[in-house]
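One structure below.
In my numbering, the protein residues as written are -14 to 344.
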């Protein structure tokens, strides 16, 4: 897991917040700081290991690698992929990967590296003194820090990933092959310090959109926040075109309620036959380029589509797809019966305790 740590609390940060530390499984060092303990991943020579990479970042993306080891990618955001070998992976906020590591190198210690693209005190440029690092330790290796060298020659390209099952994107295999296409116009208003999608900055409504729908609202102009909700019918193929190059990018966009096919990754061509399927995609940094995703509306409900950089979501970079509003009530009322058994511990607490923890 790759979270990043900020030494200042959010209310005291002025301007653009920058991380002070990269943590790997909860441990890490920062430039100029003490020699804090680093995370250690213990392995045995000759075995294969599935590593699950999770970016819990508020902002930076990371370039992940393990010195002198290849990484066989087999999953992205919960979707199985055809195996694809690389030795470094750029992972954005909210993204997940599974990789297979073969423990076939000499018994020793090796640096695990996660270099962020931004940070305070040159955080984004150094591995000195174990910054941005953890340790891969073979059984029998000494309890010392690695002396291994970084050799990255093969960075994962998203367009090279393909689904293991049912690879084709929904819709027709053409640029106009979706039933509904949304072209998002992204903009950063410097005066208001707010992001806008189609000229509206998303502000969470006082009444959740799901409750608005359950109360009878059905059309976009009836749903709040106005301009922040797009309605779509059920069983339609939706394509969303996301422009690249927005200020503060690259922006990782996440869709709730669906995985989607990335029919056009940043800096690549269309692929309708076997595009990667996932639920977080980077919009890229190249001005004039765009990313295109497709999904089928087979899950009624209001699903937010937002930048996974926390500060950008807070500043309005989000929109909601209200999917089949007229059928949402039936979907909600048909929840599995065992849902009611999820929180027996909470149910058993006295009311006096519940009152102090309303969530």
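Ideal Cβ positions, reconstructed from N, Cα and C, are used throughout, including at glycine.
Just so we're clear, the structure is a prediction, and the values are computed from it rather than from any experiment.
Q. Is the CB-CB distance between residue 305 and residue 287 below 9 Å?
A. yes
Q: Please confirm if the region 132 to 143 is in contact with the region 178 to 195, defined as three or more CB-CB distances below 8 Å between the two stretches.
A: no
**Q.** residue 344 versus residue 157 - alpha carbon distance
**A.** Only weak support exists for where residue 344 lies, its pLDDT of 46 falling under 50; the value from the coordinates is given anyway. Those two C-alpha atoms are separated by around 44 Å.
**Q.** 9 Å Cβ cutoff met for residue 280 and residue 153
**A.** no
Q) For residue 317, does the count of other Cβ atoms within 10 angstroms reach 16, so buried, or fall short, so exposed? A) exposed
Q. Near residue 314, which residues of its chain fall below 8 Å by C-beta distance, leaving aside the five closest residues on each side in sequence?
A. 198, 199
Q) In the DSSP assignment, what residue or residues form a beta bridge with residue 174? A) 179
Q) Given a threshold of 16 other Cβ atoms within 10 Å of its Cβ, counted over all protein chains shown, does residue 340 qualify as buried or as exposed? A) exposed
(Q) In whole angstroms, give me the CA-to-CA distance for residue 174 and residue 187. (A) 13 Å
Q | Validate contact between the region 86 to 97 and the region 52 to 63 using beta carbons, cut 8 Å, 3 pairs | A | yes
Q | Pick from 236, 227, 125 that is closest to residue 168, judged by C-alpha positions | A | 227
Q: Ignore the nearest five residues each way along the sequence and tell me which others in residue 126's own chain have a CB closer than 8 Å to its CB.
A: 92, 93, 94
Q. Among 222, 236, 24, which has the Cα closest to the Cα of residue 243?
A. 222
Q: Rounded to whole angstroms, what's the CA-CA distance from residue 336 to residue 102? Just pull it up for me.
A: 47 Å
Q: Use the C-beta contact count for residue 96: other C-beta atoms within 10 angstroms, 16 or more gives buried, fewer gives exposed.
A: buried
Q) Helix, strand or coil for residue 168 per DSSP? A) strand
Q. Got a sec? Which residues, its chain only, sit under 8 Å from residue 28 by beta carbon, not counting five neighbours each side?
A. 34, 86, 88, 121, 122, 123, 124
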